[in-house]
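Have a look at the structure below, then the notes.
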Amino acid sequence: MGEIFYILRYTVPSIIVFITAWFLLKEFFQQENKKRHADLMSDRMRISLPLRLQAYERLVLFLERISPNNLIMRVYQPDLTAAELQKLLIRSIRDEYTHNLSQQLYISPRAWELINRAYEESMGQINSLASALKEGATGTELSGKILETDLERSATKTAMDFLKSEARKSF
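So the numbering used here is basically just the index in the sequence shown, starting at one, shifted up by 89.
Structure representation (structure tokens):
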């Protein structure tokens with residue numbers, strides 16, 4: 090019996106020290122892991138935030154460039170027929186869209202969905218207004234019809250408002 094007490098006298102304190110050290114080291118490593126994760130996230134934000142903001146800027150510019158007023162001011166030529174103007178407008182919108190396709194990596198899926206909707210609505214609006222004109226109509230007639238449409242509730246404005254609000258959340 091004396092030998093058991095002798096062994097316990099050394100092993101119990103050793104076990105207590107081991108358990109205490111184990112819990113302290115476990116807590117220390119968890120804190121270090123959290124700190125490393127926070128540093129990594131900070132580095133990611135430092136690198137990705139400028140890219141994301143640049144994507145928002147480019148997509149707002151895209152939406153501005155495909156809005157009917159700006160698009161007609163850029164593309165319109167007085168001697169064009171309605172069909173020729175329609176082709177130029179559609180090509181300009183497609184070129185802008187393909188130029189900005191990669192920006193979808195940096196924005197939310199909802200924002201990209203709204204961008205696509207604005208793109209499709211702009212193309213559809215131009216095509217439907219052009220098809221409603223009589224044969225041999227001038228580019229001036231088409232541009233007048235496009236400028237008369239209600240732009241306050243357009244998908245372009247909706248997408249632009251959404252992009253602006255989403256970009257503000259990044260700060």
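Even glycine gets a Cβ: it sits at the ideal position worked out from N, Cα and C.
Residue from the options with nearest C-alpha to residue i
i	options	result
GLU230	ARG147, ILE104, ALA144, TYR165	TYR165
LYS246	GLU116, THR187, LEU203, SER103	LEU203
SER243	GLY228, GLU210, GLY225, ASN216	GLU210
PRO167	LEU218, THR238, SER232	SER232
THR238	LYS176, PRO157, THR109	PRO157
LEU174	LEU140, ARG154, ALA144, GLY228	GLY228
SER197	ARG180, LYS253, HIS188, LEU113	LYS253
GLY213	HIS188, ARG98, LYS176, SER191	LYS176
SER259	LEU140, GLY91, LEU97	LEU140
TYR145	GLU224, SER131, ALA226, LEU190	LEU190
Per-residue DSSP class, three states only, for residue i
i	result
THR227	strand
THR170	strand
ILE196	coil
THR245	helix
SER220	helix
THR187	helix
MET90	coil
THR109	helix
SER137	helix
C-beta contact flag for residue i and residue j at 7 Å
i	j	result
ALA248	ALA207	yes
PHE151	ALA200	no
LEU222	ILE235	no
ILE182	ILE155	yes
LEU169	ILE215	no
GLN193	ARG147	no
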